[in-house]
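Colleague: Would you mind keeping the following structure in view while I ask a few things?
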Amino acid sequence: MSDTPMIRCGSVERTHPQLQERAARIASGLAGLGVTAGDNIAVVLANSVEFLEISAGISLSGANPVPVNWHWKSEELAHLLTDSAAKAAFVHSDFVSAVDDATAGSLPLIVVDSAAASVPGSHREYESWLAGHEPEGSATAATSGLGMIYTSGTTGKPKGIVREPVSAESMVRMAMGAMARMGLRPGGRTLIPAPLYHTAPNTMGVFAVRLGMDTTILTRFDPEEFLAAIERHRVEQVQMVPTMFTRLLRLPEQVRRSYDLSSLTSIVHSAAPCPQHVKQQMIDWLGPIVTEYYGGSETGPIVWCSAEEWLRHPGTVGAPVDGAAVRIVGPDNREAPVGEVGVVYLKPADYWPGFTYRGDDTKRRDIELDGFVTVGDMGRVDAEGYLYLTDRMSDMVISGGVNIYPAEIEGVLHELPGVADCAVFGIPDEEYGESLAAHIELADGAELTEAGVRDFVRARLAGFKVPRVVVFDDELPREESGKLFKRRLRDRYWRDAATKI
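In terms of the numbering used here, the sequence shown opens at residue 22 and continues consecutively.
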């Protein structure tokens with residue numbers, strides 16, 4: 022294992038000076054394409070070293086990197102590339118056809134794939150294009166790097182989040198906060214197991230480059246490969262999502278115990294709710310090194326929670342730090358009392374950049390109240406200021422005039438042996454307006470019945486919270502970030518209902 026911090030993915034490795042030199046060439050090449058400060062450049066790549074060096078080069082040029090989910094189809098790509106007004110795109114050769122279809126071949130592409138024998142049309146091959154430009158400036162001098170992230174679109178079309186420029190001073194304060202809470206240090210060792218087109222791993226990549234960290238990027242998350250990478254590279258810090266926890270815990274204990282994970286000092290998780298029993302098992306296995314934060318792509322992290330805090334306040338996602346604030350708002354738009362459920366509104370620390378939504382300032386105003394913004398979650402705070410999430414506003418079910426929060430039922434179902442994952446949501450009901458459906462993904466070898474599931478819930482919750490419909494699915498639809506695509510499950514019921522009207 023080298024003492025020189027490297028950035029690696031698969032068979033590709035770079036030292037930080039090498040990455041910075043290549044980023045400076047990218048900035049020079051973009052200037053040659055007429056790219057200027059404030060322009061948007063799409064990045065349609067799977068996890069790779071190139072993803073980080075290209076993002077650094079775009080930032081150095083003064084433009085904004087726009088990470089693109091490469092799983093998207095032509096219509097989804099067309100929306101993002103049109104909405105962002107991308108001036109060019111860095112695209113892996115596997116995705117060139119999809120991007121060309123989405124843009125009718127009108128977007129200049131730099132094609133990234135050293136194995137590609139040729140590049141179609143007027144597009145440029147990355148390595149030869151890079152070699153044709155001299156380095157310009159230093160990649161460490163870039164004052165931005167957070168780019169323009171598009172929200173995941175679990176409830177509708179993705180929205181582009183346009184951030185104000187980030188000053189060097191603010192970037193330092195952000196990095197210092199991340200270092201303190203996430204276990205980061207200059208020259209430290211980190212692992213990125215999640216897709217870089219998502220906000221959290223993308224931001225982690227930015228910090229890793231700026232802090233000169235030894236960085237291992239996984240092309241995809243495989244539980245045993247993940248453990249092997251920690252052992253091989255003596256990883257100290259990793260950022261994850263709860264779905265990864267679940268997949269790790271499904272490994273036989275003897276497999277988990279066979280890897281040396283003693284270097285690991287910090288696991289940070291976010292992006293999706295973590296069932297309490299899953300988090301407890303992770304702490305039992307790896308010790309009190311599990312830290313959680315909560316916020317939105319728009320706001321950045323607002324609340325943080327160490328393992329010690331979580332053990333004292335089970336179920337919390339944390340309390341605000343660094344001058345950030347949380348407000349729970351009731352139906353009358355007034356602050357709700359302690360312990361009462363309402364809409365969660367967030368106010369970032371003063372160093373976090375402000376934002377608007379690309380092409381529509383009204384979308385920001387729609388979610389803002391007295392300088393606070395909501396990303397659509399419901400929750401409550403306790404007397405010590407710790408936040409507990411209860412559900413998404415869009416997921417709340419109104420059945421017979423009664424508000425029902427599916428997350429509460431999901432929490433109960435996660436306690437039922439044999440349930441690997443679940444999704445509870447509202448479906449059409451002629452009598453009550455809506456009733457509850459539960460879709461359940463079974464653990465390997467488990468057998469459950471609809472009646473057994475209902476009886477389990479009925480013994481723990483009020484009768485109106487018992488799902489009327491119980492469906493067993495082989496696998497629930499999820500993003501790679503771990504977020505459930507409830508809309509895909511829910512839409513089939515409402516589509517059928519609309520057909521019958």
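Note that CB positions come from ideal geometry on N, CA and C, so glycine has one too. The model shown is predicted, which means the values in this text are computed figures rather than measured ones.
1. By Cβ distance below 7 Å, which residues in the same chain neighbour A357 in space, the five residues on each side in sequence not counted?
2. Does the beta-carbon of I28 have 16 or more other beta-carbons within 10 angstroms, so that it is buried, or is it exposed?
3. Go ahead and pull the three-state DSSP assignment for H144.
4. Label K300 either buried or exposed according to how many other C-beta atoms from any shown protein chain fall within 10 Å of its C-beta, with 16 as the threshold for buried.
5. Write down the C-beta distance between V394 and T320 rounded to the nearest angstrom, noting that I regard them as a contact closer than 8 Å.
6. Mind checking K384: buried by the 16 CB within 10 Å criterion, or exposed?
7. Might you give, ordered along the chain, the residues of its own chain that have their beta carbon closer than 6 Å to the beta carbon of N223, omitting 5 neighbours on each side?
8. For P207 and chain B, any beta-carbon pair shorter than 8 Å?
9. In terms of residues, what are the limits of the alpha helix (DSSP H) holding W331?
10. Alpha helix (DSSP H) containing E462: first to last residue?
11. Along the alpha helix (DSSP H) that carries T103, what are the first and last residues, could you check?
12. Comparing alpha-carbon positions, which option in V183, A346, E257 lies nearest D104?
13. Classify I419 as buried or exposed, calling it buried when 16 or more other Cβ atoms lie within 10 Å of its own Cβ.
14. Would G53 be called buried (16 or more neighbouring beta carbons within 10 Å of its own) or exposed?
15. Are the CB atoms of K108 and N61 nearer to each other than 8 Å?
16. Which residue comes first and which comes last in the alpha helix (DSSP H) that contains A119?
17. Quick one: what's got a C-beta closer than 7 Å to A67's C-beta in the same chain, skipping five residues either side?
18. By Cβ distance, which residues of its chain are closer than 6 Å to E252, with the 5 residues on each side in sequence left out?
19. Would H298 be called buried (16 or more neighbouring beta carbons within 10 Å of its own) or exposed?
20. What ranges does the beta strand (DSSP E) occupy inside the stretch 179 to 253, keeping only unbroken runs of at least 3 residues that lie completely in it?
21. If the criterion is Cβ atoms closer than 8 Å, does the pair K180 and R481 meet it?
22. Would DSSP call Y426 helix, strand or coil?
23. For E155, which residues in the same chain have their Cβ closer than 8 Å to its Cβ, ignoring the five residues on either side in sequence?
24. Would you call the stretch 334 to 344 and the stretch 403 to 410 in contact, with 3 or more CB pairs under 8 Å?
25. Tell me the rounded alpha-carbon separation between T161 and L232.
26. Quick check on A152: buried or exposed, where buried means 16 or more other Cβ atoms within 10 Å of its Cβ?
27. What distance in whole Å lies between the Cβ atoms of V492 and R2, which are believed to be in contact at a cut-off of 8 Å?
28. Can you give the Cα-Cα distance for P438 and A459, rounded to whole angstroms?
29. In terms of residue numbering, what span does the alpha helix (DSSP H) encompassing A77 cover?
30. What are the boundary residues of the beta strand (DSSP E) that E313 is part of?
31. Out of R43, D243, V64, which one is the CA nearest neighbour of S149?
32. Quick check on DSSP: helix, strand or coil for A357?
33. Taking the alpha carbon of A229 as the reference point, which residue from P427, N424, E74 has its own alpha carbon closest?
34. Are the stretch 186 to 200 and the stretch 360 to 375 in contact at 8 Å, needing three or more beta carbon pairs?
Modeller: Straight from the coordinates:
1. Counting only Cβ-Cβ distances below 7 Å, and skipping sequence neighbours, we find I349, V350, G351, G363.
2. Burial state of I28 is buried, judged by a 10 Å Cβ sphere holding 16 or more other Cβ atoms.
3. Collapsing the DSSP output to three states places H144 in coil.
4. Using a 10 angstroms sphere on the CB of K300, the tally of other CB atoms reaches 16 or more, which defines it as buried.
5. Confirmed, Cβ separation roughly 6 Å.
6. Note on K384: under 16 other CB atoms within 10 angstroms of its CB, so exposed under the neighbour-count rule.
7. The answer, listed in chain order, is P88, L217.
8. No chain B is part of this structure, which consists of one protein chain only.
9. That run of the alpha helix (DSSP H) goes 328 to 333.
10. Per DSSP, E462 belongs to no alpha helix (DSSP H); it is in the beta strand (DSSP E), 454 to 463.
11. Following the DSSP letters along the chain, one finds T103 inside the alpha helix (DSSP H) bounded by residues 95 to 104.
12. The option with the nearest alpha carbon to D104 is V183.
13. With fewer than 16 other Cβ atoms within 10 Å, it is exposed.
14. By the neighbour-count rule (16 or more Cβ atoms within 10 Å), G53 is not buried but exposed.
15. By the CB criterion at 8 Å, K108 and N61 fall inside the cutoff.
16. A119 -> alpha helix (DSSP H) spans 117 to 124.
17. For A67, where only same-chain residues beyond five positions count, the Cβ hits under 7 Å are W91, H113, T240.
18. Around E252: Y280, D281.
19. By the 10 Å Cβ count, H298 comes out exposed.
20. If we require 3 residues or more, the beta strand (DSSP E) runs fully inside the stretch 179 to 253 come out as 181 to 184, 210 to 213, 235 to 238.
21. No. Outside cutoff.
22. In the three-state reduction of the DSSP assignment, Y426 falls in the coil class.
23. For E155, where only same-chain residues beyond five positions count, the Cβ hits under 8 Å are R46, S49.
24. The stretch 334 to 344 makes contact with the stretch 403 to 410, as at least three CB pairs between them are under 8 Å.
25. Unreliable placement is indicated for T161, whose pLDDT of 44 sits below 50; the coordinate value is still reported in the next sentence. Their Cα atoms are separated by approximately 10 Å.
26. Classification of A152: exposed, given that the 10 Å Cβ count is below 16.
27. Outside the modelled stretch of the chain, which goes from 22 to 522, sits residue 2, for which no answer is possible.
28. Rounded to whole angstroms, the gap between the alpha carbons of P438 and A459 is 16 Å.
29. Element bounds for A77: 70 to 81.
30. Boundaries of the beta strand (DSSP E) around E313: 311 to 317.
31. Cα-wise, what sits closest to S149 is R43.
32. Correct three-state label for A357: coil.
33. Considering only P427, N424, E74, the residue with the shortest C-alpha distance to A229 is E74.
34. The answer is yes - the stretch 360 to 375 touches the stretch 186 to 200, with three or more Cβ pairs under 8 Å.
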